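Asks: This is the structure I have questions about; it appears just below.
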Amino acid sequence: MIVMKFGGTSVESAEAIRRVAAIVRARLDRHPVVVVSAMGKTTNKLLAIAAAAVAGELDRALTLLGELREFHLKEAPGLGGPVTEHFAELEALVRGLAVMGELTPRATDAISALGERLSSLVVAEQFRQEGMDTAHVDSRSVVVTDRRHTQAAPLFGQTNERLSKTIPPLAAKQVVVMGGFIASTEDGVTSTLGRGGSDYTASIVGAGIGAEEIQIWTDVDGILTADPTILPGGHRVKVCSFAEAAELAYFGAKVLHPATVLPAIEKNIPVRILNSRRADSPGTLIVRSPPASTSPIRSIACKKNITLVNIVSTRMLMAHGFLRRIFEVFDRFETPVDMLATSEVSVSLTIDNTSALDAICAELATFADVTVQDAQSIVCMVGENIGASGTVVALAFAALKDVKVRMVSQGASQLNLSLVVDASDLTRAVESLHREFFTNFDPEAFE
Ligand code: ADP
Ligand code: ASP
Ligand code: MG
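Numbering-wise (this note's numbering), the sequence shown opens with residue 17 and increments by one.
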């Protein structure tokens with residue numbers, strides 16, 4: 017068995033879904049289990065509908081809902097009944113939200129899950145129309161999570177039990193199609209794995225059924241040496257390690273959800289990133305131990321909209337317990353810290369969730385001086401060779417001689433070197449680093 021996950025752009029229209037069908041058909045001998053995202057930008061649209069409803073703009077919400085229904089009816093001919101039913105369910109939810117005027121995480125999940133509930137039905141129907149024997153599985157019946165709605169974590173014991181019991185017998189005879197991103201709690205309430213979570217579903221399913229490979233089909237040729245939205249024209253990374261892929265994803269490479277490789281690591285299942293518009297392109301292979309490369313770094317990831325918090329206190333001098341006090345504050349407000357640097361009397365750190373920033377600063381100000389710089393970006397060079405190579409830091413700083421670097425951190429994992437720069441310097445910084453590290457690249461590792 018293999019798991020094949022197709023992202024939003026890969027199933028954005030009837031035409032795109034026909035391409036998917038051809039890709040799957042060519043791999044029937046490997047017993048594919050297909051995981052699909054919502055069609056195109058459906059999840060964003062569903063969330064916009066919910067936001068309009070709670071803001072008291074019911075008419076606008078219903079107009080947007082009508083547009084999204086028309087889109088699905090047009091791109092999914094032959095599935096009028098189920099589409100109409102799902103949108104009737106959405107309309108009832110939206111009207112309820114408009115009355116309540118409040119959007120809970122649980123209601124958010126009920127609404128955003130409709131995208132994958134529908135797309136999986138649409139894709140399964142298209143496969144059937146093209147003559148493939150297809151079984152649709154509602155992911156909510158097999159992926160079980162905790163109750164942290166909108167960011168739920170899988171409960172692997174129950175999930176693996178259900179997956180291993182349900183999926184292999186079906187996949188032996190039929191193509192299985194299921195929605196990514198969606199799951200349910202132990203009580204059967206709809207939950208979701210967080211934005212971009214269909215990749216995670218693919219690896220949860222892959223590990224749960226002991227798949228031989230997990231394929232992530234998307235709209236680029238694989239992991240590239242730089243984020244193409246910031247620097248187009250990067251090279252394809254032919255192969256990288258689980259650890260490198262996880263680090264790149266964590267530091268902003270949207271091509272993979274950060275949790276995706278975790279289940280794959282545990283079962284040592286290779287993950288392949290492939291392009292659904294160029295199915296012949298070999299993509300990126302992610303494995304435990306890729307062959308050694310002469311290149312010191314594998315790729316450069318970027319995280320935008322970062323806030324830098326500087327905390328200064330002379331009380332920190334020679335004292336213990338100071339860092340604990342600082343982190344307790346971030347912990348209490350459930351705000352993850354990405355990067356960290358300390359000196360004798362100061363701590364600098366970065367966060368990307370600023371929803372509790374004012375409250376955090378107010379608490380920190382009771383024992384330290386706090387300054388905040390917004391509009392920052394993290395540039396993160398990733399590669400297993402960084403720790404061993406003495407030259408990466410020197411080369412990076414030489415390349416960045418004209419860029420103001422506000423913070424530096426070489427990760428404890430020894431596989432990343434991260435810098436914070438002003439958002440306005442981001443493109444220039446990535447260009448300079450890319451030129452430095454990828455002008456003469458190792459053809460065994462990149463193309
Ligand atoms: P999908 O809908 O298939 O899940 P995503 O939009 O979530 O696709 O992820 C693919 C996108 O990730 C690409 O279109 C690209 O813009 C972005 N991306 C960011 N960093 C990288 C990188 N290093 N390599 C490839 N793609 C990247
Ligand atoms: N549809 C969901 C999202 O847009 C999940 C995914 O596409 O991976 O976030
Ligand atoms: Mg994605």
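Positions of the beta carbon are idealized from the N, C-alpha and C atoms, including for glycine. As the structure is a prediction and not an experimental result, all values here were calculated from the model.
Could you tell me if the beta carbon of Lys270 falls within a distance shorter than 8 Å of some heavy atom in the ligand ADP?
Replies: Within the cutoff, so yes.
Asks: Given Arg294, which residues of its chain have a CB within under 7 Å of its CB, disregarding the five upstream and five downstream residues?
Replies: Asp237, listed in sequence order.
Asks: Can you tell me whether DSSP reads Pro170 as helix, strand or coil?
Replies: If DSSP states are grouped into helix, strand and coil, Pro170 belongs with the strands.
Asks: Answer yes or no: the CB of Ile198 versus the heavy atoms of the ligand ADP, is any distance below 8 Å?
Replies: Incorrect: Ile198 has no Cβ contact closer than 8 Å to the ligand ADP.
Asks: Could you check how far apart the C-beta atoms of Asp385 and Ser329 are, in whole angstroms? I think they sit under 8 Å.
Replies: Rounded, the Cβ-Cβ distance is 7 Å, consistent with contact.
Asks: Is the beta carbon of Asp243 within less than 8 Å of some heavy atom of the ligand MG?
Replies: Result no, Cβ not under 8 Å from the ligand MG.
Asks: Leu44 to Gln167, Cα distance in whole Å?
Replies: For Leu44 and Gln167, the distance between alpha carbons rounds to 33 Å.
Asks: Any contact between the stretch 188-206 and the stretch 151-165? By contact I mean 3 or more CB pairs, one from each, below 8 Å.
Replies: With the cut-off at 8 Å, the stretch 188-206 and the stretch 151-165 touch.
Asks: Rounded to whole angstroms, what is the Cα-Cα separation between Gln466 and Pro307?
Replies: In the structure as shown, the chain starts at 17 and stops at 463, and residue 466 therefore has no counterpart that could be examined.
Asks: Please list, in chain order, all residues of the same chain as Ser364 whose beta carbon is under 6 Å from its beta carbon, the five residues on each side excluded.
Replies: For Ser364, where only same-chain residues beyond five positions count, the Cβ hits under 6 Å are Asn326, Ala357 and Met423.
Asks: Closest to Gly250 by CA distance: which of Leu435, Gly224 and Phe454 is it?
Replies: Of the listed residues, the one whose Cα sits closest to Gly250 is Phe454.
Asks: Buried or exposed: Leu339, going by 16 or more other Cβ atoms within 10 Å of its Cβ?
Replies: So Leu339 ends up on the exposed side.
Asks: Taking only heavy atoms of the ligand MG into account, decide whether any of them is closer than 8 Å to the Cβ of Gly212.
Replies: At least one heavy atom of the ligand MG is nearer than 8 Å to the Cβ of Gly212, so yes.
Asks: Would you mind giving the Cβ-Cβ distance between Leu435 and Gln392, rounded to the nearest angstrom? I have them listed as a contact below 8 Å.
Replies: Actually they do not touch by this definition, with Cβ atoms about 10 Å apart.
Asks: Could you please give the first and the last residue of the uninterrupted beta strand (DSSP E) stretch that includes Ala357?
Replies: Element bounds for Ala357: Leu356 to Thr358.
Asks: Just curious, the beta strand (DSSP E) that Ile322 is in, first and last residue?
Replies: From DSSP, the beta strand (DSSP E) with Ile322 extends over Ser315 to Val328.
Asks: Looking at C-alpha atoms only, which residue of Ser311, Asp215, Ile18 and Val51 is the closest neighbour of Val2?
Replies: Limits of the chain in this structure are 17 at one end and 463 at the other, which puts residue 2 out of reach.
Asks: What are the uninterrupted segments assigned as beta strand (DSSP E) that are 3 or more residues long and contained completely in the stretch 159-208, given in chain order?
Replies: Listed in chain order, they are 191-195, 198-201 and 206-208.
Asks: Is there contact here, the stretch 223-232 with the stretch 174-182, by at least three beta-carbon pairs under 8 Å?
Replies: These segments touch.
Asks: What residue range does the alpha helix (DSSP H) around Phe454 cover?
Replies: Start and end: Leu442 to Phe454.
Asks: Measure the C-alpha to C-alpha separation of Ala32 and Ala280 and round it to an integer number of angstroms.
Replies: C-alpha separation (whole angstroms): 27 Å.
Asks: Buried or exposed for Val160, going by 16 or more other Cβ atoms inside 10 Å?
Replies: Buried, because 16 or more other Cβ atoms sit within 10 Å of the Cβ of Val160.
Asks: For the ligand ASP, is there a heavy atom less than 8 Å away from the beta-carbon of Asn321?
Replies: No.
Asks: Helix, strand or coil for Ile285? Go by DSSP, reduced to three states.
Replies: Coil.
Asks: Find the nearest neighbour of Asn321 within the set Thr100, Pro121, Gly299 and Ile394, judged by alpha-carbon distance.
Replies: Cα-wise, what sits closest to Asn321 is Ile394.
Asks: Helix, strand or coil for Leu119 per DSSP?
Replies: In this structure, Leu119 counts as coil in the three-state DSSP scheme.
Asks: Alpha carbon to alpha carbon, what distance is there between Leu416 and Glu463?
Replies: The alpha-carbon atoms of Glu463 and Leu416 are separated by roughly 25 Å.
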